[in-house]
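Colleague: Input: one structure, supplied below.
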Amino acid sequence: MVNTDSSIKVYCTRPSCDQPVNSISQEALDSRFTHEIRCSNCGMPLILDGRFLPLRLLVPEKEQGGLSRTFLGQDLSSEKELLLVIKQLHPRTPNGQTLSPSKMQRIEELFEREANILKELEHPQIPRPLAFFVVEADPIKYPPKFFYLIQDYIEGENLFQILKKKRKFSEDEVIHILKEILKILTYIHKYKPNLGAIHRDIKPANIMRCQSDEQLYLIDFGAVKQVIEGLPAEIASIVLTPAFAPPEQWNGRKVSPASDLYALAATCVCLLTGDKNPRELVLNSNWKDQAKVSDHFANVLDSMLKYEQEDRPQSAQEVLDTLEPPPVPTLPPNQSNQSNPPNPPNALRDWLKKVLRKRRLISLGCLALFGVAIAIISPIIKNLQPQPLAVYFSRGEQALLNQDPATSLIPECTNAYNLKEQGIAAFKNASDSNFLAGFKQAEVYLQQAHDKFKKTAGKTAGRQNKCEVDPETLIYYYNAKAAQTPSARTLPTIAVVIPSDSKSIGKEREILRGVAQAQGEQKPDSPVFQIIIVKVNNDELQDNSDKPTEFTEIVTKLSKKKNNIPGDPPYFKDSQIIGVVGHYTSGETWYVGRIYQKEKLVLISPISTAVRGTNPNNSDIEYVFRTASNDSIAARDLANYYLKNRPQQGKILIVVFESESQYSLSLKEQFAATFTNPTSLDYCDLSIQTNPNDCIQKATAANVQTLMLATSLKQRKTALEITKAAKEKAKLENRDLQLLGGDSLYDNETFEVLGQLANDMVVAVPFHADPNTNFTKKATELWSTGQVSWRTLTSYDAAQSFLEAITKLRLNGINPTREEVYQTLTTISAPGATQVVEFDHDHDRKQATGVGILVKANADEKRFTHLYTPQR
């Protein structure tokens, strides 16, 4: 019995009902037929799941989320009249279109899974989920189903309501709030990482202060927002709160724990300034003008508000540690503060001397004993000390590619990564202790992980957050097999250098896929090389820096003839690095090429395309080979296409490029060189253009009929925004605007920014995978993907070149040294992904039909399709 009155007011939960308040008699509520009680206006079931009674909206209709509503309710089955929260999800598209049955089923599956995740979050400051269920409504009306989550009710006020009264919070109050919520997030992010739980909508209205104990609660957690991720992007955008959402959420990119930290910092700015929409204050970095806070606290919030996720703290605990830095120990007056800790053996020596002096036992015998102790303990201490830069190298003893947090909600994907970690642990144990049976154990775990990845990738194909097959796992698997062969200790090593900078996310996997596929084509019982993966951040590359960067130190250690790899296990100390595959940009390639050349180490770059003569400093670097076609081919193909298909004779062609990028400058100059009448060209240099609007004004002029985008990854998004403005204006003026581009445009971001405006863009790329070739069929089987990147093809060709060169040397009874590999590469003809690989006198890829083609953007399918293969 929930009420002693003769009737009770019950609220209809159908969003479109215009008379939602109903009166129900106590007799009807006590009957066995509560499931038949429906709204007198629209016929919607009123008693949810036969027991839950919606009493009223908790939040006014205008403040409710686009796809969800929250009600205050009661449980008819409970003897106590405890209040509870009823959260309703009602799927729909912004324009009211009906979702397909398959999408509705997908939402139902996600909803149930997310409710189960909430049950796992047993934190006292997160409301408990009490039940979840689906209510079938009238099948004729849309939506036919509604989803409900029942949670504890926290009686009190949220911080938004309190802010209306206070107008502003003090610094101390906000610091207290920040710490409390960070502790909750630490539990969510750190102690429940496998759940992949991210709040996604932290804001003042979702932080409740309980009336009874003043405790803060984080409400509206997870379920609705994570379910939304299973819907198309245009629906998902409804749930974010614009004033507090991080940039990645606005742009439809994957979120991470750092996304919650951004929203929490924006919440703090709101509380400090009283500005209920802090977005503009944050973006313009002028929030501190309105909030009088200490420099230290301002710096903490600024670090959480960085635009890129990678630049923010990566955990709530990291922020907590920054808020309360450990105290600096006070030294005695006669001691100076040292920047470095004392060397452990010296500290030990000083301690022993002190003890000996104190006991007056200094004698020759004691000193001899002291010397023995130092001799024994010093190497032990040295080996226990972590080696700098070791975290950037791995043959299989650590993971350099980690699971995307967005896929942690896929149990099978997480299981695959767990198997990978078990394989890595076995590999490390075996290589550290010379335990050969451990490599077999690693092989088994890594094989199981790869099989699990493939199976899960097939099941999740087509989803927004799909589980991709991890190529690092397969490379470590082949390394574990190679480590069991008799020649393992001296087997040559090929280093594969992958990028870790924010602009190259995903590209590292494309490179490793090609290398892994070639590595697997060795004979299992007699491999000719093993792989070491090296991860570098080329954002740190400074050509003119007097002080070596970490990037330079990594490359320099890699180049040395004697194994000089930090942290390399003793088992592989006699394995010489005889070649490198990788590095990302052309500028990076030429920079490291000089370092490698000094040590006669060959680099085969699968990515660099800048013409060597663009920069006089790179023309004499002989130890750099390249498997992608260079920019002269791409430029010529684009120019010929333009001259043959230009919309109208004599109209202006705008070339958008960057003079500070070797790739961009090379493509621009090669393109311009094909025109006999350069007056038809105009340029926009993004390296010196301080305001993109200047480029937009040029690009939107009425006499511009074509845009040629020769930009690098660094400025790609800016170039696409310029293109978008130009295309939109051309569309309004009912005129065509042709789009051409280099291979940096051959990416999903082109479709994300331009949408339908990308349709028919023509892009020059080194390769485009033919689904009918043996290579593509094998790649599709290995990686469970429908598309194969050109970077995967060129990386495969680079690894195949080394495989061919080393195999040829061994067949001739020659030890494959660096010098021998270099000489052999100049003359080989290696089997490639689509064409044989041969190098010209500059050590670039020889021109051949199929090496350098044109593709066209298909905006409907969000992919590029083969357009034309020029004859060479």
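0 is the number of the first residue of the sequence shown in numbering that gives the first Met the number 0; add one for each residue after it. Backbone N, C-alpha and C fix where the C-beta goes; we use that ideal spot for every residue, glycine too.
If L824 sits next to V601, beta carbons under 8 angstroms apart, how far is it from one beta carbon to the other, in whole angstroms?
Modeller: 6 angstroms
Colleague: I believe V762 touches Q669 by the beta-carbon criterion, under 8 angstroms. Please report the beta-carbon distance rounded to the nearest angstrom.
Modeller: The pair is not a contact, with the Cβ atoms about 15 angstroms apart (cut-off 8 angstroms).
Colleague: How is H175 classed by DSSP in three states: helix, strand or coil?
Modeller: helix
Colleague: By the 10 Å Cβ neighbour count, where 16 or more other Cβ atoms means buried, how is G72 classified, buried or exposed?
Modeller: The residue is buried, with at least 16 neighbouring Cβ atoms inside 10 Å.
Colleague: Rounded to a whole number of angstroms, what is the C-alpha to C-alpha distance between E307 and E247?
Modeller: 8 angstroms
Colleague: In chain order, which beta strand (DSSP E) runs of at least 3 residues are fully inside the segment 716 to 765?
Modeller: 737 to 740, 761 to 764
Colleague: Taking the alpha carbon of F674 as the reference point, which residue from V654, A494, N692, K144 has its own alpha carbon closest?
Modeller: The residue among V654, A494, N692, K144 with its C-alpha nearest the C-alpha of F674 is V654.
Colleague: Give the range of the beta strand (DSSP E) segment to which S585 is assigned.
Modeller: That residue, S585, is in no beta strand (DSSP E); its alpha helix (DSSP H) goes 585 to 597.
Colleague: Counting only the same chain and skipping the five closest in sequence on each side, list residues whose C-beta sits under 6 angstroms from that of G513.
Modeller: T791, S794, Y795
Colleague: Compute the distance between the beta-carbons of P770 and W789, then report whether it is under 8 angstroms.
Modeller: No, they are not a contact pair.
Colleague: How about the segment 507 to 527 and the segment 773 to 782: do they share at least three Cβ pairs that are nearer than 8 angstroms?
Modeller: yes
Colleague: Which of helix, strand or coil does DSSP assign to I153?
Modeller: coil
Colleague: Note the first and the last residue of the continuous alpha helix (DSSP H) segment covering H865.
Modeller: No alpha helix (DSSP H) contains H865, which is instead part of the beta strand (DSSP E) from 862 to 867.
Colleague: Could you work out which residue in C41, A436, D74, A27 is closest to R50 when comparing CA atoms only?
Modeller: Taking R50 as reference, the option from C41, A436, D74, A27 with the minimal CA-CA separation is D74.
Colleague: So which of L54, I827, T772 has the shortest CA-CA distance to L81?
Modeller: L54
Colleague: Locate the alpha helix (DSSP H) running through T793, then write down its first and last residues.
Modeller: Note, T793: alpha helix (DSSP H), 789 to 810.
Colleague: How would you label K352, buried or exposed, when you count the other beta carbons within 10 angstroms and need 16 or more for buried?
Modeller: Annotation note: pLDDT 43 at K352 (below 50); position unreliable, no value reported.
Colleague: Buried or exposed for A315, please, with buried defined as at least 16 other CB atoms from any protein chain shown within 10 angstroms of its CB.
Modeller: buried
Colleague: Using a Cβ-Cβ cut-off of 8 angstroms, state whether I423 counts as contacting chain B.
Modeller: Absence of chain B from the displayed structure is noted, only one protein chain being present.
Colleague: Per DSSP, F145 is paired with what?
Modeller: V134
Colleague: Which complete beta strand (DSSP E) runs does the segment 635 to 694 hold, if anything under 3 residues is left out?
Modeller: Within the segment 635 to 694, complete beta strand (DSSP E) segments of at least 3 residues are found at 651 to 656, 680 to 684, given in chain order.
Colleague: What number of angstroms, rounded off, separates the C-alpha of E899 from the C-alpha of A130?
Modeller: Any property of residue 899 remains undetermined from this structure, which presents the chain solely from 0 to 871.
Colleague: Would a C-beta distance cut-off of 8 angstroms place S665 and S711 closer than the cut-off?
Modeller: Their beta carbons are not under 8 angstroms apart, which means S665 does not touch S711 by this criterion.
Colleague: Is the beta carbon of I553 closer than 8 angstroms to that of Y583?
Modeller: no
Colleague: Helix, strand or coil: which one does DSSP assign to Y622?
Modeller: coil
Colleague: Considering only DSSP beta bridges, list what F70 is partnered with.
Modeller: Within the DSSP secondary-structure output, F70 pairs in a beta bridge with L56, I85.
Colleague: Using the rule of at least 16 other Cβ atoms within 10 Å of the residue's Cβ for burial, across every protein chain shown, is S604 buried or exposed?
Modeller: Result: buried.
Colleague: L753: which of A725, N773, P565 sits nearest, CA to CA?
Modeller: A725
Colleague: Could you give the first and the last residue of the continuous beta strand (DSSP E) run that contains Y216?
Modeller: 215 to 217
Colleague: Along the beta strand (DSSP E) that carries R208, what are the first and last residues, could you check?
Modeller: 206 to 209
Colleague: What are the residues that DSSP puts in a beta bridge with A290?
Modeller: Partner(s): none; A290 has no beta bridge.
Colleague: Hey, A517 and V579: beta-carbon distance below 8 angstroms or not?
Modeller: no
Colleague: Just tell me which of G581, T608, Y622 has its CA closest to the CA of E598.
Modeller: Comparing Cα-Cα distances from E598 to each of G581, T608, Y622, the minimum goes to Y622.
Colleague: Does Q704 come out as helix, strand or coil in the three-state DSSP assignment?
Modeller: Residue state for Q704 is assigned as strand, using DSSP reduced to three classes.
Colleague: Taking only the alpha-carbon atoms, compute the straight-line gap between L866 and S800 and give it to the nearest angstrom.
Modeller: 28 angstroms
Colleague: Using beta-carbon positions only, say whether D151 and V58 come within less than 8 angstroms of one another.
Modeller: no
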